[in-house]
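Let me begin by presenting the structure, written as structure tokens, before commenting on it.
Numbering (my numbering), first residue to last: 275 to 343.
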């Protein structure tokens with residue numbers, strides 16, 4: 275629990291009024307943006323099979339998409 279309290283204290287440092295937390299440029303907006311970007315990055319990494327900036331593995335017959343017809 276102490277680690278969570280320390281993290282919250284760090285996030286709340288410098289915030290004095292409700293607008294600092296809930297306003298257009300408040301911490302909730304920053305956290306929401308960071309969480310969405312992190313989730314989308316993880317989804318893309320999973321979809322591509324490699325992390326951002328790394329080259330994907332070469333396709334093999336087992337992983338390549340084959341067209342029939």
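Glycine included, C-beta positions come from ideal geometry on N, C-alpha and C.
Cα-Cα separation, residue i to residue j
{"i": "residue 306", "j": "residue 276", "result": "23 Å"}
{"i": "residue 274", "j": "residue 315", "result": "Past the edges of the chain, shown from 275 to 343, lies residue 274, and the structure says nothing about it."}
{"i": "residue 304", "j": "residue 284", "result": "14 Å"}
{"i": "residue 298", "j": "residue 278", "result": "25 Å"}
{"i": "residue 311", "j": "residue 317", "result": "10 Å"}
{"i": "residue 329", "j": "residue 292", "result": "45 Å"}
{"i": "residue 326", "j": "residue 309", "result": "17 Å"}
{"i": "residue 296", "j": "residue 288", "result": "14 Å"}
{"i": "residue 290", "j": "residue 313", "result": "29 Å"}
{"i": "residue 280", "j": "residue 322", "result": "35 Å"}
{"i": "residue 300", "j": "residue 282", "result": "14 Å"}
Practice task
For the region 287-335, list the alpha helix (DSSP H) runs that are entirely contained and at least 4 residues long, ordered along the chain.
Solution key: 292-296 and 301-322
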